Ligand SMILES: [Zn+2]
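Numbering (our numbering), first residue to last: 62 to 350.
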């Protein structure tokens, strides 16, 4: 498939989504049109949570799913995390029963995202377009975003986010448990929010070494901060010692520590780290520069 065809197919999908979601039909500046559709889709997903009567965390995605015509949810052994199948009067959802609970919850929320890519006025719901790799990639990406917003709507997160103070790590952990989400998922939402000026580094432990797994930045001041790539081994003894404590289950909070990781070498005003579980075991470190 040529690049152009992929672009055209993506464009058609954006136009179809826009028809259902926004009034504005100005597509001359297509990037603006796309962001308008994207925001409308995310707002719609967040409204859905309120409509389903979910007022406080943890959101129950199975109740939210009903608002999108998911009439039955089955937990079964699956090769994949979850899937939806259109059926008479809506959708059947299947969730892999071997997944840990937190991941089942996200799989369910992610599948709710897929319902937005069907015409649910039809019975059974129908895809408005043929399957293609370009559209599938775009749809998947948006479903991850929608899934995160269903489990952590902005209106539910706001109070936590606003009342938190550096080094943030305790609030981070409280939110993880209250919202019943993985630390990685929460990090992405904190990045969306952008109200904390922080670097969020996720580390893995492998064969005695501590490796950088992911770098997420939140806030305006982090734009130019260059850290390191995934897989980088932690060699700085100070950082290694703090992360080891976190891997052992300690909530680590330090002030004015000088440390080095990849291209970042400086004094960190606030450093917080906590074990966040998952497999392989992970630790999140929140750095306020
Ligand atoms: Zn998917």
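We put the beta carbon where it would ideally sit given N, CA and C, even for glycine. Predicted, not measured: the structure shown is a model, and the values here were computed from it.
Once you ignore the five residues that flank residue i on each side, which residues in its own chain have a CB closer than 8 Å to its CB?
{"i": "residue 256", "result": "222, 223, 279 and 280"}
{"i": "residue 105", "result": "82 and 177"}
{"i": "residue 92", "result": "none"}
{"i": "residue 130", "result": "150, 151, 152, 176, 181 and 186"}
Which of the three DSSP states, helix, strand or coil, is assigned to residue i?
{"i": "residue 340", "result": "coil"}
{"i": "residue 278", "result": "strand"}
{"i": "residue 90", "result": "coil"}
{"i": "residue 222", "result": "helix"}
{"i": "residue 132", "result": "strand"}
{"i": "residue 215", "result": "helix"}
{"i": "residue 350", "result": "coil"}
{"i": "residue 232", "result": "helix"}
{"i": "residue 180", "result": "strand"}
{"i": "residue 259", "result": "strand"}
{"i": "residue 335", "result": "strand"}
{"i": "residue 242", "result": "coil"}
{"i": "residue 345", "result": "strand"}
{"i": "residue 198", "result": "helix"}
{"i": "residue 174", "result": "helix"}
{"i": "residue 114", "result": "coil"}
According to DSSP, which residues form a beta bridge with residue i?
{"i": "residue 83", "result": "In the DSSP output, where bridge partners are listed per residue, residue 83 has none listed."}
{"i": "residue 143", "result": "156"}
{"i": "residue 267", "result": "270"}
{"i": "residue 137", "result": "157"}
{"i": "residue 187", "result": "180"}
Go through its chain and collect everything with a Cβ distance to residue i's Cβ below 7 Å, but skip five positions before and after it.
{"i": "residue 310", "result": "336"}
Taking only beta-carbon positions, decide if residue i is within less than 9 Å of chain D.
{"i": "residue 83", "result": "Protein chains in the displayed structure number just one, and chain D is not present."}
Tell me which same chain residues have a C-beta within less than 6 Å of the C-beta of residue i, skipping the five on either side of it?
{"i": "residue 353", "result": "As shown, the chain starts at 62 and ends at 350. That puts residue 353 outside it, with no answer to give."}
{"i": "residue 275", "result": "263"}
{"i": "residue 88", "result": "94"}
Runs of 4 residues minimum, wholly inside the segment 275 to 333: which ones carry the alpha helix (DSSP H) assignment? 298 to 308
Does the count of Cβ pairs from the segment 257 to 270 and the segment 147 to 155 closer than 8 Å reach three? no
Contact between the segment 159 to 173 and the segment 111 to 127 (3+ Cβ pairs under 8 Å): yes
Taking contact to mean 3 or more Cβ pairs, one atom from each stretch, closer than 8 Å, check whether the segment 197 to 207 and the segment 228 to 237 are in contact. no
Between the segment 321 to 334 and the segment 293 to 301, are three or more C-beta pairs nearer than 8 Å? yes
Taking one C-beta from the segment 341 to 349 and one from the segment 243 to 263 each time, how about it: are there three or more such pairs within less than 8 Å? At 8 Å Cβ cutoff, the stretches touch.
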